[in-house]
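Anchor point for the sequence shown: position 193 equals 193 in full-length UniProt numbering, and the numbering is continuous, going up by one each time.
All C-beta atoms, glycine included, are put in the ideal place defined by N, C-alpha and C.
The structure presented is a predicted model; accordingly, all values stated were derived computationally and were not measured.
Written below as structure tokens is the structure these notes are about.
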Amino acid sequence: MKNISILEINLTNKNQRFLERLKNALNSKGFDVIIKNYNHIKSKNPITKLIKINKLAKKQKKDEFYICLDKFDSADIYLANSGVQNIYKKLDKFWFLNPISIIESMIEKRCINNSIKIITNSNLVRYQLETIYNIQPDKITTIYPGINLPTQIQKGSAKMQLCKELGIDMELPIILFVSDNFKKDGAKEFIELLTHINKANAIIIGNDKATPKYRQMAKKLGVRVIFKPTPKVINRYYEAADIFVLPSLYNPFSTQILEALSYGCICFTTAQNGASEILKDEFIIQNKDDENVTKFINLLLSDHSLMLNISAQNIKLSKKYTVEDNLNQILKVISENIH
């Protein structure tokens, strides 16, 4: 039986948990699995670092089967959860001034062409890869992410505790935004949307270096927003919130949407976020001046029974997207393609 190596570069806590689950599941099926992290490779130049990492991974491969979370040109199965480099370049009009962007695009192209199978976390990314790289549809499989579902939900007490802690009015609904990349996930658009929303408590959570700029923007527009850094445990914010808005400019699939749904938040995002694929049309923001969405949010803020009804539906919807189901689908694809 072939040895499997799971490769990644930028290790996060979320990735680490996923890698361990995948490794243990493959071990249970009789595969010998190791996780290789290449972030330790030293180089003063980030461009040469990427090149060195890919050369080393290729040299080490021998007869191993590579499952890659980051872009490696020696990948057998590539989990394209981070999206498409050419799409990110469109978000930055000066991308050509960043040489690393060019190298990443080159490695991505080789990764896509050389891999046996590609797993995307949304049809948004699938379509982009098919279009940009002219890939046959049967080479790509879409598997939506999964989350650990809450064991209990007590929105009333969670809201009471959070409002007391933050010194905000318990009687007002809470509208939440969560991201560590404010530009990509539309913090600017979120603040602008708030100017058209009836009175509510607005909270932005995230570790973004540009936070002071967004504070100033909210102040200039006369919008009261509470900014908080990303806490170790964020679930209590989802549990306390009534509405979750993520007007993303581009996001392959934000699991924040799944987490918010699981706690009964009414969620809105754009079609440029792969998570929109699991939402009904009325919850998709068509553009930054979408009056239908702002009217609908204002309706929700004034109709508590409607809000409760949709909240219950969203909790039910989230149960379709568990870490167990996600893992089982990925294991099926690996089993069908390893040889």
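Boundaries of the alpha helix (DSSP H) in which residue i is found, first to last residue
i: lysine 2; result: Premise fails: lysine 2 is in no alpha helix (DSSP H) and is neither H nor E.
i: threonine 131; result: 123 to 133
i: tyrosine 238; result: 235 to 240
i: alanine 260; result: 255 to 262
i: tyrosine 66; result: Per DSSP, tyrosine 66 belongs to no alpha helix (DSSP H); it is in the beta strand (DSSP E), 65 to 68.
i: cysteine 163; result: 155 to 166
i: alanine 218; result: 211 to 221
i: isoleucine 87; result: 85 to 91
i: valine 102; result: First, the residue type needs correcting, since residue 102 is isoleucine and not valine in the sequence shown. Isoleucine 102 -> alpha helix (DSSP H) spans 99 to 114.
i: lysine 36; result: That residue, lysine 36, is in no alpha helix (DSSP H); its beta strand (DSSP E) goes 33 to 37.
i: alanine 202; result: Note, alanine 202: premise wrong, no alpha helix (DSSP H); beta strand (DSSP E) at 201 to 205.
i: lysine 71; result: Taken as a continuous stretch (DSSP letters only), lysine 71 belongs to no alpha helix (DSSP H), as it is neither H nor E.
i: leucine 176; result: It is not in any alpha helix (DSSP H) - leucine 176 instead sits in the beta strand (DSSP E) that spans 174 to 178.
i: isoleucine 51; result: 46 to 61
Integer Cβ distance of residue i from residue j, believed to fall under 8 Å
i: isoleucine 9; j: isoleucine 53; result: 6 Å
i: isoleucine 203; j: isoleucine 234; result: About 11 Å; that fails the 8 Å criterion.
i: asparagine 114; j: serine 74; result: 7 Å
i: glutamate 277; j: serine 179; result: 19 Å between Cβ atoms; not a contact.
i: leucine 7; j: alanine 57; result: 6 Å
i: tyrosine 78; j: isoleucine 41; result: Wrong, their Cβ atoms sit about 20 Å apart, outside the cutoff.
i: proline 252; j: threonine 270; result: That belief does not hold up - the Cβ atoms of proline 252 and threonine 270 are roughly 13 Å apart, past 8 Å.
i: isoleucine 153; j: isoleucine 315; result: 7 Å
i: asparagine 201; j: isoleucine 132; result: Asparagine 201 to isoleucine 132, Cβ: 41 Å. No contact.
Option nearest residue i by Cα separation, candidates the options
i: threonine 255; options: Cys68, Gly274 and Asp32; result: Gly274
i: glutamate 324; options: Ile153, Ala240, Gln60 and Ile143; result: Ile143
i: tyrosine 238; options: Gly264, Lys213, Lys228 and Asn251; result: Gly264
i: isoleucine 297; options: Thr195, Asn326, Thr322 and Ile338; result: Thr195
i: leucine 172; options: Asp242, Leu279 and Leu221; result: Asp242
i: leucine 249; options: Ile47, Cys267 and Ala187; result: Ala187
i: isoleucine 338; options: Phe18, Asn24, Gln16 and Gly30; result: Gly30
i: lysine 199; options: Ser28, Ile168, Asn314 and Tyr133; result: Ile168
i: aspartate 303; options: Glu336, Gln286 and Ile266; result: Ile266
i: lysine 159; options: Phe227, Arg236, Thr151 and Leu258; result: Arg236
i: leucine 258; options: Gln313, Glu108, Leu221 and Leu19; result: Gln313
i: isoleucine 240; options: Asp289, Glu108 and Ser157; result: The sequence given here has alanine at residue 240, not isoleucine. If we check each option's Cα against that of alanine 240, Ser157 comes out closest.
i: tyrosine 38; options: Met170, Lys55 and Ser28; result: Lys55
i: asparagine 134; options: Ile116, Ile112 and Ser305; result: Ile112
i: glutamate 165; options: Lys109, Asp138, Leu124 and Lys228; result: Lys228
i: glutamine 128; options: Asn24, Lys280, Ala80 and Met170; result: Ala80
i: lysine 280; options: Asp185, Leu317, Lys59 and Pro212; result: Leu317
i: aspartate 185; options: Asn24, Ile285 and Ser28; result: Ile285
i: tyrosine 66; options: Lys36, Lys49 and Arg17; result: Lys36
Buried versus exposed, by CB contacts within 10 Å (16 or more), residue i
i: aspartate 208; result: buried
i: glutamate 104; result: buried
i: glutamine 136; result: exposed
i: leucine 22; result: buried
i: leucine 308; result: exposed
i: lysine 44; result: exposed
i: leucine 221; result: exposed
i: lysine 232; result: exposed
i: asparagine 289; result: The sequence given here has aspartate at residue 289, not asparagine. The residue in question, aspartate 289, is exposed, as its Cβ has fewer than 16 Cβ neighbours within 10 Å.
i: aspartate 76; result: buried
i: serine 262; result: buried
i: lysine 62; result: exposed
i: glutamine 272; result: buried
Residues near residue i in its chain [Cβ-Cβ closer than 8 Å; skip 5 each side]
i: leucine 26; result: Ile4, Val33, Leu331 and Ile334
i: alanine 210; result: Phe182 and Lys183
i: glutamate 64; result: Lys2, Asn3, Ile4 and Ser5
Chain D contact for residue i (CB, 9 Å cutoff)
i: phenylalanine 65; result: No chain D appears in the structure shown, which is made up of a single protein chain.
Opening and closing residue of the beta strand (DSSP E) in which residue i lies
i: asparagine 298; result: Taken as a continuous stretch (DSSP letters only), asparagine 298 belongs to no beta strand (DSSP E), being part of the alpha helix (DSSP H) at 291 to 302.
i: residue 359; result: Nothing can be reported for residue 359, as the shown portion of the chain is limited to 1 through 339.
i: valine 333; result: First-last for valine 333: 323 to 337, but that is the alpha helix (DSSP H), not the beta strand (DSSP E).
i: alanine 187; result: Segment 187 to 194 is the alpha helix (DSSP H) holding alanine 187; no beta strand (DSSP E) there.
i: leucine 246; result: 243 to 246
i: isoleucine 226; result: 225 to 228
Cβ neighbours of residue i in the same chain (closer than 6 Å, five flanking residues each side left out)
i: alanine 218; result: Ile191 and Val225
i: glycine 146; result: Tyr321, Thr322, Val323, Asp325 and Asn326
i: arginine 126; result: Thr120, Ile140 and Thr142
i: isoleucine 47; result: Pro99, Ile100 and Ile103
i: threonine 12; result: none
i: cysteine 68; result: Leu7, Ala75 and Tyr78
Nonlocal neighbours in the same chain, by C-beta distance under 7 Å from residue i, ignoring five residues either side
i: valine 245; result: Ile175, Phe177, Phe190, Leu193 and Phe268
i: lysine 319; result: Leu149
i: glycine 206; result: Val178, Ser179, Asp180, Phe182 and Thr230
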